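Residue numbering for the sequence shown follows this note's numbering, beginning at 7 and increasing consecutively.
Glycine included, every Cβ here is placed at the ideal spot set by N, Cα and C.
Note that the structure is a prediction, hence the values are computed from the model and not measured.
Here is the structure we will look at, set down as structure tokens.
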Amino acid sequence: MFLFVALSEARSRHHSYPKPRPYQPYKPHNKLRCQIKPTGNAYWSPDLIKRNYSDYTYKPLQVHIMKPAIYLYPTKEMDLTVGVSMERENFTTVVPEFTAGTYWNVTAKPNGDLIHNNKVIPYLYWEGDISMRMKFDKGFFVKKGEGREFLEKILTQFKLNDREKFDFITYWLPTFNKLGNVFCSFQLANYCHHVPLTCSAKPDSVIRVYIAIRKARKSDLNKPVQAIPNIKRTGFTIVEWGGSIIRSRHQRLSRAQ
């Protein structure tokens with residue numbers, strides 16, 4: 007009887023990796039769809055689309071999701087499995103390579119450093135293609151030459167820290183400068199619905215910033231300004247930013263074009 011109990015306890019005892027096997031892949035849980043609560047119209051739903059097509063593009067767009075960067079800030083050093091819930095064939099670029107499936111095993115430190123395969127990296131990076139309706143009924147009309155000031159202000163509202171804002175602006179400011187007058191909208195619940203983020207440990211705060219950008223039209227001047235949710239950044243925090251450039255209702259435009 008004693009031997010049986012001892013064996014049962016040994017089997018049920020949890021070992022945080024790298025014990026007994028370093029970076030053993032396991033399926034992540036806790037899907038992190040969005041940083042805003044599912045009240046009212048906070049979450050995208052097919053029913054909402056059917057009721058008001060004017061808020062969204064009529065048909066789903068084949069969009070290229072550009073450089074989502076995932077930052078992890080645990081309150082103490084932790085071994086984590088973080089994943090993106092998309093089909094593997096939809097990913098076009100992944101750095102570093104997935105540990106298995108569509109997720110990474112990393113050791114995360116409170117300062118944001120991530121250790122993956124004995125290398126220190128600042129964030130997890132991926133790009134991919136997905137079919138998604140875009141919502142442009144509200145947003146921001148940004149005049150040519152005002153992109154830097156706009157991004158500094160809006161990213162502060164999203165509670166991004168200095169490093170995250172620097173990374174975001176250095177990547178997206180050239181797009182603002184190239185397009186001239188820009189209309190952009192943050193696809194918050196919409197993006198979170200289509201591309202859930204997963205983590206093996208439940209965070210206290212999740213901030214996901216997905217910007218959809220297109221060349222401004224005259225009609226955009228009369229559209230209401232998009233409200234940014236009141237985000238609290240506290241405790242174990244996950245931050246992700248990325249976006250897409252939209253050319254028309256049926257086409258996508260990569261930043262290189």
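Within the same chain, and ignoring the five residues on either side of Ser250 in sequence, the residues whose Cβ sits closer than 7 Å to its Cβ are Val69, His70, Ile71, Met72, Ala218, Arg258. Beta bridge pairing from DSSP links Ala207 with no other residue.
Taking all protein chains in view, the Cβ of Val88 is crowded by 16 or more other Cβ atoms within 10 Å, so the residue is classified as buried. Of the other Cβ atoms in all chains shown, 16 or more fall within 10 Å of the Cβ of Phe189; this residue is therefore buried. Between Tyr131 and Val101, the gap from beta carbon to beta carbon is short of 8 Å. Less than 8 Å divides the Cβ of Pro74 from the Cβ of Gly248.
Between Lys229 and Asp143 a beta carbon distance of about 7 Å is seen, short of the 8 Å cut, so the two are scored as contacting. In the DSSP assignment, Gln68 falls within the unbroken beta strand (DSSP E) covering 67 to 79.
Look at Ala222 here: in three-state DSSP terms it is coil, with no helix or strand label. 8 Å or more divides the Cβ of Leu67 from the Cβ of Cys205. By the Cβ-count criterion, Gln163 is exposed, with fewer than 16 other Cβ atoms from all chains shown falling within 10 Å of its own Cβ. For the 8 Å CB-CB criterion, Gly186 and Lys150 form a contact. The DSSP assignment places complete beta strand (DSSP E) segments of no fewer than 3 residues inside the segment 88 to 128 at 97 to 101, 109 to 114, 120 to 122, 125 to 127, in order along the chain. Straight-line spacing of the CA atoms in Gly134 and Thr81 works out to 30 Å.
Of the residues assessed, Asp168 falls on the exposed side of the cut-off, its CB having fewer than 16 other CB atoms within 10 angstroms. Judged by DSSP in its simplified three-state form, Lys159 adopts helix. Under the three-state reduction of DSSP output, Ile175 falls in the helix class.
Here the alpha carbons of Phe172 and Asn123 stand approximately 26 Å from one another.
The DSSP-derived three-state label of Lys141 is strand. Within the model, the alpha-carbon separation for Asn196 versus Glu83 is close to 32 Å. Linking Arg94 to Ala233 through their CA atoms gives a straight-line distance of about 33 Å.
In this structure, the straight-line span from the alpha carbon of Gly107 to that of Thr98 is close to 14 Å. The three-state reading of DSSP puts Gly134 in strand, counting E and B together. Annotation for Trp110: Thr87, Val88, Gly89, Pro102, Phe104, His122, Leu130 place their beta carbon closer than 8 Å to its own, counting only its chain and skipping 5 residues before and after. The Cβ atoms of Ala222 and Phe147 sit closer than 8 Å to each other.
A Cβ-Cβ contact shorter than 8 Å links Thr240 with Asp210. Among the bridge pairs identified by DSSP, Gly248 is matched with Tyr216.
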